[in-house]
Every structure is written in C-alpha cells, then in structure tokens.
Amino acid sequence: MSPRKIQQKKAPAMPGSPAPEHPAPRRPRAKKTVAILSRKRSLYSTRRLVSAIRARGHRPLVLDTLRCCLLLAQGSPRMTYRGVEIRGVDVVVPRIGASITAYGLAVVNHFEMMGVPVLNPPTSIARSRDKLRALQFLSASGLDIPRTVMAHDRSNVRRLVEEVGGLPVIIKLIKGTQGVGVMIAHTLPEVQTILDTFWDLGQEIVLQEFVAESEGRDVRALVVGKRVVGAMRRKAKKGEFRSNIHRGGEGQAIELPPAYTEAAVRAASIVGLEVAGVDMLEGHAGPRLMEINSSPGFEGLERATGQDIAGEIIEHALTYAELKASARRLSRT
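Each residue of the sequence shown is one higher than the one before, counting from 2 in this note's numbering.
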C-alpha cells in the first residue's frame, strides 16, 4: 500500500498551550527490518505503520502474533513463523490485542531474549493491561486520578460507593478495552446487581469516582518517546457516557496545555511505555489520569488532527533501535 498523505490541520488550542514545534530534518538511515506484531494486516493502524516504514525506505514485516512459534534451548532462543526462522529483525512494534495478551507477552518477551529491541517491553504492556495496577503506579507517583476502589466484600456496598464520592459511580472491568466493560450505576441496587453479576462470573472489577465536570468527554494524548505527538478531545454521542471512538464518540483536535502534556508524558514513563495512549479527564484542578493504553489505535486521532502519527511511531522505533544497537556495541568494548 502506498503511503497516505496526511495534511496538517491546525488544532484549536486549550488555554496555556505552547507554540507548536517543527521537527529538525532527519538523517538517512541504513535499511532496517521493522516487524509489526498484529493479528490482521488489514487493520488501519497496521496498514499505516507499514506505509510509514516503506515511505522511509525500510522493510516492513507483519507477523500474526499467534502464528509465532517460540523455541527454547540452552542459551539460544529462536522463533519461527509459518515454519521459517525469523532472523534479521532490527526492531519490533507490538500491537497486542487484549484478547491475546498472555501469548502476545510471551512473543514480545521472546524477541527481547533474542536481543531484538521492542517498542514497549512485556512488563510495561502487562502493567498497562491491568487497570488497577496502572493506577497504583500513577497514584504512587503523585499523579491525580479519580478515586478508585477494588474489593470483593459484598457486605457493605454503600461504604464502597461512599469511598469514591457517592452516586453515580463508574464500574469497570480490570481488563476491559475500548469502552467494553465500563458501566455507570445511579442507585445502590444497581451497583449491587452489577457487582454480584461480575463477581459470580469470576471477573475483577473496580469502582471509580464519577467526575461530573467531564461527563461524556475526555482527552486522549498519544505519547511517543518523551513527546505528545497528537491529542484530541473525545465527546460521547447522545445518550452515551463513554467517549471512546469505538463507541461512536467524536474527536476534535486540541493543543494540550503544559500541565496535560507533562501528565501524559509522565504517565507513559511511569508505566514504562515508549508508545502510549493516555486518557485524561478535564477536572476543575487540572488533568486526572484515567487510563493508559500500550497499543493505542490512532485512526481517529489522525483524522481529527491531520498528523502523521504512524510516521512518528516509526521514526521513534528506528531511533530506539539505533540507541539499543549502540548500547550493545559499547557493552562489548
């Protein structure tokens, strides 16, 4: 597929936004093989990443994660794909879906064992997939998050609701994605019924504070390395409280003020992600970190902002690979 041209559009600024920066010209690089772990080559993000790799004169290699075969022997981890040994990969960009997290993490870890740099290490992907674990890290580092409770005690649901500020309350599956498994409850019987249902099904859930001033909208910032490369405000469709694009929400490009940019970059760094989608609520006192995604989709963001998000990810992947290669060379001297 030939690279799609992305036209730059100026995003409306949020108060206190810094002036946009213009990237310096980049030097040509030796040809590299960039592997993308993705279940489907036809997915928008995968197609765009492939185009971005080719546009920069490098070789894309799309690998269906579940078709990767992991081989172990003393001191020599190897991997095959459809019977052919995988060699010569310079960097891996994982796009691990929530439904294959366990095997996906094994594949990512295997690439690391083989000495191949991976954009987003397995420990960080696992950390981001567990909503409570990610919030524990963010909260411990001083970032503002909505009040959150996890419990298995059914005896005093009223107290749990009080701990997060009262009704209404947000209820989330620990490992939900794209708005799936996120509910709002307006009464105590509703809360009790939802909790009992999920607990009986063996599901882990959290209760979270309903931030009234952000009802039906949030901010998605996409962090690559130490920069926010694109941001949008997502607004839920009528009759829906979830603002996810996959739930019919609409995205409008914005320029983040420093407090939001700093919070997004810090969140990605705390969780240990090189590429991350950071979701924030616009609280009265500033950004409130809601969630962090290690395999963020960016179709809505590219369309809203007109920015080449795929290109930013690939540029960072190439730079990341060079830094890791340099570090290995230095360690041998």
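We put the beta carbon where it would ideally sit given N, CA and C, even for glycine.
Along the chain, where does the beta strand (DSSP E) containing residue i start, and where does it finish?
i, result
"A186", "183 to 186"
"L38", "34 to 38"
Give me whichever residues DSSP pairs with residue i in a beta bridge.
i, result
"E86", "T81"
"R221", "M233, D280"
"G287", "G284"
Quick check on this structure: which residue in the options has the alpha carbon closest to the alpha carbon of residue i?
i, options, result
"E303", "L71, F211, R221, Q75", "R221"
"I293", "S270, I315, D309", "S270"
"L72", "L290, I195, H111", "H111"
"R155", "A260, D201, V181", "D201"
"R40", "I101, V119, P169", "I101"
"S129", "V276, E263, V230, A237", "V276"
"V109", "P78, G84, D131, L133", "P78"
"G268", "I146, D65, G58", "Checking the sequence, you will find Ala at residue 268 rather than Gly. Measuring from the Cα of A268, the nearest candidate turns out to be I146."
"K33", "R48, R57, L44, L50", "R57"
"T66", "I87, E216, D197", "I87"
Got a sec, what are the start and stop residues for the alpha helix (DSSP H) residue i sits in?
i, result
"V272", "259 to 272"
"T66", "It is not in any alpha helix (DSSP H) - T66 carries neither H nor E in the DSSP assignment."
Per DSSP, what kind of secondary structure is residue i in: helix, strand or coil?
i, result
"L73", "coil"
"M115", "coil"
"E275", "coil"
"P297", "coil"
"T334", "coil"
"K325", "helix"
"Q204", "coil"
"V55", "Residue identity check: residue 55 is Arg in the sequence provided, not Val. Helix, per DSSP."
"I172", "strand"
"I253", "The sequence as given places Gln at residue 253; Ile does not occur at that position. Strand."
"R96", "coil"
"Q193", "helix"
"E216", "coil"
"L106", "helix"
"G226", "coil"
"L319", "helix"
"I42", "The amino acid occupying residue 42 in the given sequence is Arg; Ile does not appear at that position. Of the three classes helix, strand and coil, the one that applies to R42 here is coil, per DSSP."
"G307", "coil"
"I314", "helix"
"E22", "At E22 the pLDDT is 47, less than 50, meaning the model places this residue with poor confidence; the figure from the coordinates comes in the next sentence. In the structure shown, E22 sits in coil (DSSP, three-state: anything other than H, G, I, E or B)."
What alpha helix (DSSP H) runs, 4 residues minimum, are completely inside the region 117 to 165? 123 to 130, 132 to 141, 158 to 164
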